[in-house]
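To convert, count from 1 in the sequence shown and add 382; that's the working numbering. Below: the structure, in structure tokens.
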Amino acid sequence: MAQAQVDLDVLDRDLAGPRTQVLVLGSVHLSQLPEGADFKPDSLQPLLEKLAAYRPDVITIEALSGETCDLMKRHPTVYLPEDVDTYCPDTAKAETATGLDVPAAIAEVRRILQAWPDQPSDAQRRHLAALFLAAGDPASAMVQWWQLPEAARHAGDGLDEVLVQGLRAREDRGNENDQIAARLAARLGLPRVYPVDDHTGDSVDLGGTPEAYGKAISALWAAAAPRAKPMRDREDALARQGEMLALYRFINAPGNLQRRVESDFGAALRDTSPQHFGQRYVAGWEGRNLHMVANIRRVLGDHPGTRALAVVGATHKPWFDSLLGQMQGVEIVDAGRALE
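Pasting the structure below:
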């Protein structure tokens, strides 16, 4: 295989400023735990203790930004409306409450955060939470909501009763963006989290009917499943036991990540269909990860020399570690050591 002739690995050897540290936390999707797993937010406390000790200044999440959702809605012939419904929060109620559509709310959030005080008032927090909801960023709204005293979690300053009920419904919801990233950000006094997911990069031509594509990929997964079964069974057992710190240590172990990607993308690359379905599938996955990492890099560019935490589905972690590790002035933090 031909290799690049310019060595970028040495480009930052004389970096004058501090290096940026990035901890990529591979996560389970808490909304998709196995049958018999009774999720309780308190079960994540040992994990949150470990992450709090790392003290990230920036936290990114696997969620679409308001900008991306706005783009997808404007191009319905390229991005399926059902994908918008699946991945994008409904901002209609927040627009009614604030009078701002998504672009206007995003602009207002940015303006306010430029002069965000060290000790914001309860009214300021309620107002910013409402703006985040209108901007399509409910996880950041939860960051502000959880920093309010319980007695101050009520309507006002842009939050109406409908929005308040929506925030309360998210308090115990099984979602890692809320229960890990937003709770940690609130605990550390951060103003927000950063959505970095992307479903524009994986919009690839399927080379035929979606049904044929899906059937081919499912058959490849089924053939590779026996090798991954012991790992999956262990994950399910830890989830059912509520041993969340142990579960996160397990899924972030390099050997388990290797088995995860080999049983998924390695299997896909063995596809022999004339349409090359497997290669199309991997291309979409890698395109998505490239876009996601580019979004993280953009955030890090505003915070050089910071400590960042990226909370993302575990299967993304090998790509995140590899791609972010190539960025100048960026160092990848060993997740295993962080979770010890």
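We put the beta carbon where it would ideally sit given N, CA and C, even for glycine. Treat the numbers as computed from the prediction; the structure is a model and nothing was measured.
For Tyr576, DSSP records a beta bridge to Thr442. Partner residues in the beta bridge of Thr402, as assigned by DSSP, are Val712.
Three or more pairs of CB atoms, one per stretch, sit closer than 8 Å, so the segment 396 to 412 contacts the segment 680 to 687. Checking the DSSP bridge columns, you'll see Val693 partnered with Leu407 and Ile443.
Taking the Cα positions, Gly718 is about 43 Å away from Thr480.
Between Pro577 and the set Pro520, Asp554 and Gln561, the nearest pair of CA atoms involves Pro520.
Per DSSP, Arg679 is one residue of the alpha helix (DSSP H) stretching across Phe659 to Gly683. Contact check for Val406 against Phe702 passes: the beta carbons are separated by less than 7 Å. Under the three-state reduction of DSSP, Gly548 is assigned to helix. In this structure, Gln708 is the residue among Phe647, Val440 and Gln708 with its C-alpha nearest to the C-alpha of Asp389. Closest in alpha carbon position to Gly518, among Gln529, Asp467 and Leu570, is Asp467. The DSSP-derived three-state label of Gly648 is helix. For Thr582, the closest of Ser522, Lys455 and Phe659 by C-alpha to C-alpha distance is Lys455. Among the bridge pairs identified by DSSP, Leu588 is matched with none. Under DSSP, Leu541 forms a beta bridge with Gly538. Taking the Cα of Thr473 as reference, the smallest distance to any Cα among Leu393, Ala512, Ser425 and Val392 is reached at Ala512. If only complete runs of 4 or more residues are kept, the segment 447 to 479 shows the alpha helix (DSSP H) at 448 to 456 and 463 to 469, in order along the chain.
Contact between the segment 624 to 640 and the segment 420 to 439 is present, with at least three C-beta pairs closer than 8 Å. Nearest C-alpha to Ala676 among Ala690, Asp580 and Gln661: Asp580. The segment 660 to 672 and the segment 589 to 607 touch, with three or more beta-carbon pairs separated by less than 8 Å. Counting only the Cα atoms, Leu393 lies some 40 Å from Ala606. Straight across, the Cα-Cα distance linking Arg492 with Pro458 is about 27 Å.
Residue state for Leu412 is assigned as helix, using DSSP reduced to three classes. For Lys432, the enclosing alpha helix (DSSP H) begins and ends at Gln427 to Tyr436. For Arg569, the enclosing alpha helix (DSSP H) begins and ends at Arg565 to Leu570. According to the DSSP assignment, Gly718 belongs to the alpha helix (DSSP H) that extends over Ala717 to Ala720. For the options Leu570, Gly448, His536 and Asp584, the alpha carbon positioned closest to that of Val484 is the one of Gly448. Three or more Cβ pairs closer than 8 Å define a contact, and the segment 550 to 566 meets that threshold against the segment 689 to 699. DSSP places His698 within a helical segment (H, G or I) once states are collapsed to three. Contact annotation, Leu672 with Leu639: C-beta distance approximately 19 Å; criterion of less than 8 Å not satisfied. Arg555 sits in coil when the DSSP states are folded into three classes, being neither helix nor strand. By the 16-neighbour rule on beta-carbons within 10 angstroms, Trp527 is buried.
Shown here for Trp498: same chain residues with a beta carbon closer than 7 Å to its own, the five before and five after excluded, namely Pro573 in chain order. Assignment of Trp498 by DSSP, reduced to helix, strand and coil, places it in the coil class. Taking the Cα positions, Val643 is about 14 Å away from Ala604.
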